[in-house]
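Here the sequence shown is numbered in the working numbering, starting from 9 and rising by one per residue. Even glycine gets a Cβ: it sits at the ideal position worked out from N, Cα and C.
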Amino acid sequence: MNSDIIIIGSGPGGYQAAAYAAKNGLKVTIIEECHAGGTCLNEGCIPTKTLCHEVDVLETLKTAMPSAKIDYAHVGQRLADVIGRLRSGVEQLMSMPGITMVKGHASFKDAHTVCVGDEEYSASKIIIATGSKPKMPPHAEIDMSVVSTSTEMLQLDHVPESIAIVGAGVIGMEFASIFNSFGSKVTVIEFLKECLPAVDSDIAKRLRKQLEKRGIVFSMQSAVKRISGDGILFERKGKEDTVKAEILLVATGRKPNINGLKLEAAGIEYSPNGITTDSRMHTNVEGIYAIGDVNGRQMLAHAATMQGYMVVNEILGKSSDIRLDIMPAAIFTRPEAACVGVSEDYCKENGVEYTCRKAFFRSNGKALSMNETEGMLKIIADNNDKIIGCHCFGPHAADIVQEISVLMCRDTTISQLADMVHIHPTLGEIIHDAVME
9 MNSDIIIIGS GPGGYQAAAY AAKNGLKVTI IEECHAGGTC LNEGCIPTKT LCHEVDVLET
69 LKTAMPSAKI DYAHVGQRLA DVIGRLRSGV EQLMSMPGIT MVKGHASFKD AHTVCVGDEE
129 YSASKIIIAT GSKPKMPPHA EIDMSVVSTS TEMLQLDHVP ESIAIVGAGV IGMEFASIFN
189 SFGSKVTVIE FLKECLPAVD SDIAKRLRKQ LEKRGIVFSM QSAVKRISGD GILFERKGKE
249 DTVKAEILLV ATGRKPNING LKLEAAGIEY SPNGITTDSR MHTNVEGIYA IGDVNGRQML
309 AHAATMQGYM VVNEILGKSS DIRLDIMPAA IFTRPEAACV GVSEDYCKEN GVEYTCRKAF
369 FRSNGKALSM NETEGMLKII ADNNDKIIGC HCFGPHAADI VQEISVLMCR DTTISQLADM
429 VHIHPTLGEI IHDAVME
């Protein structure tokens, strides 16, 4: 079967690229081994954000009813309903004219041919969008029979009495926050000095301290040596310790999903970090592209989507002004955290001249009315007053950073931002407060 484009994987990068290409008149074959929507919809962003919503409801109830508890059977049903509805929507989208969806495992026969079982599919352009899978910590003995990943966490049918989490990145911090609110005793073990390494260290530390006040125990600068039925054995400052828990969650990041693709048959270069691409998502083979987690460049669902649009635009001969260098990211803990651009740490370490504007949620009227006053915003500008970064934790931090991300895409300065009206009373006023010095 011949198409204009073959897309391998129907996660946010794959299915959005397929729909966009079909709307622009291209004939697309999209191949999916598992469920439509990929990891994000089925085992990642969407179900965890559903859990975060349940946390918000629970914490709001607790202000009036301190004894309020979660009904986890209801939570499980909501997860299934949300995932099912969105998956059905993606499947319907993939049945639109111009798109043929194929179920099965894809592998390369050559640079223009992909096999699924006994069937062969050919196209002059191929987009690899196979995503990623959980990564285990290096240099540790691990009994996989006792380990949970984010996938297993979303299949729980009850709130565990205790959870020990290896990794204080995005996945680990979100699950720590969620299950702490649900009532689990949570311990987090992290190799680095601070959590969330992509976030400004001042912001990350303040967020961690807030989570500690809620009862989450952190063991930073700790190297995991063994994970077994006896718990997690780790070393910190030359001393060994063990944490036992009902659930042992490994959340040490993700790695590109390239197994079984037979990339060698097409001559595609790759490494443990993913398929090698240039800034336009080209592989070393003409006509073959890799987008999303599988190229290891920016492991974010929205990055995959925008990379897909960029590739399809190039195939169509369309120009685009997509700024992949400005990539906002959010961590849906309680309170939230989010960031875009450089941090104050980066500027100091690399000798970048900068100014840092700060504001605090405790002086924001909307935050006070919501009873969510813990939080801080930092806006970084270069020596020409142009905004080059924003890091935040507090209620709706993701929405606040998104505004700054948009402004950065248009090279906005601090002075220009100071002249922009913000609605009162809103959390967004904290942005204006930060720049009105």
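- Residue interval of the beta strand (DSSP E) (run including K252): Segment: none, K252 is in no beta strand (DSSP E) and carries neither H nor E.
- Between the C-alpha atoms of E243 and L257, what's the straight-line distance to the nearest angstrom? 18 Å
- Since D390 sits in a beta bridge, which residues does DSSP pair it with? Y362
- Alpha-carbon spacing of V320 relative to E149, whole angstroms: 43 Å
- Query: Who are D118's beta bridge partners in DSSP?
  - Reply: T121
- Query: In the DSSP assignment, what residue or residues form a beta bridge with G175?
  - Reply: Note: G175 sits in no beta bridge, so no partner.
- Query: With which residues is A231 paired in a DSSP beta bridge?
  - Reply: E243
- Task: Can you say whether N32 is buried or exposed, counting buried as having 16 or more other CB atoms within 10 angstroms of its CB?
- Result: exposed
- H404 vs E344 beta-carbon contact at 8 Å: yes
- Query: Quick one: complete beta strand (DSSP E) runs, 3+ long, within the segment 84-144?
  - Reply: 107-111, 114-118, 121-124, 127-136, 140-142
- Message: Distance check for L332 and I171, CA to CA, integer angstroms please.
- Response: 36 Å
- Query: Taking the C-alpha atoms as reference points, what is the distance between V124 and S115?
  - Reply: 7 Å
- Name, in chain order, the residues that DSSP records as bridge partners for F369. Per DSSP, none; premise fails for F369.
- Message: If you measure between the beta carbons of S189 and L66, is that distance less than 8 Å?
- Response: yes
- Item | Spatial distance of S130 from G45 (CA atoms) | 23 Å
- Message: Considering only their Cβ atoms, is the gap separating N265 from G175 smaller than 8 Å?
- Response: no
- Assuming I339 and E182 form a contact by the criterion Cβ under 8 Å, report the distance between their Cβ atoms to the nearest whole angstrom. 6 Å
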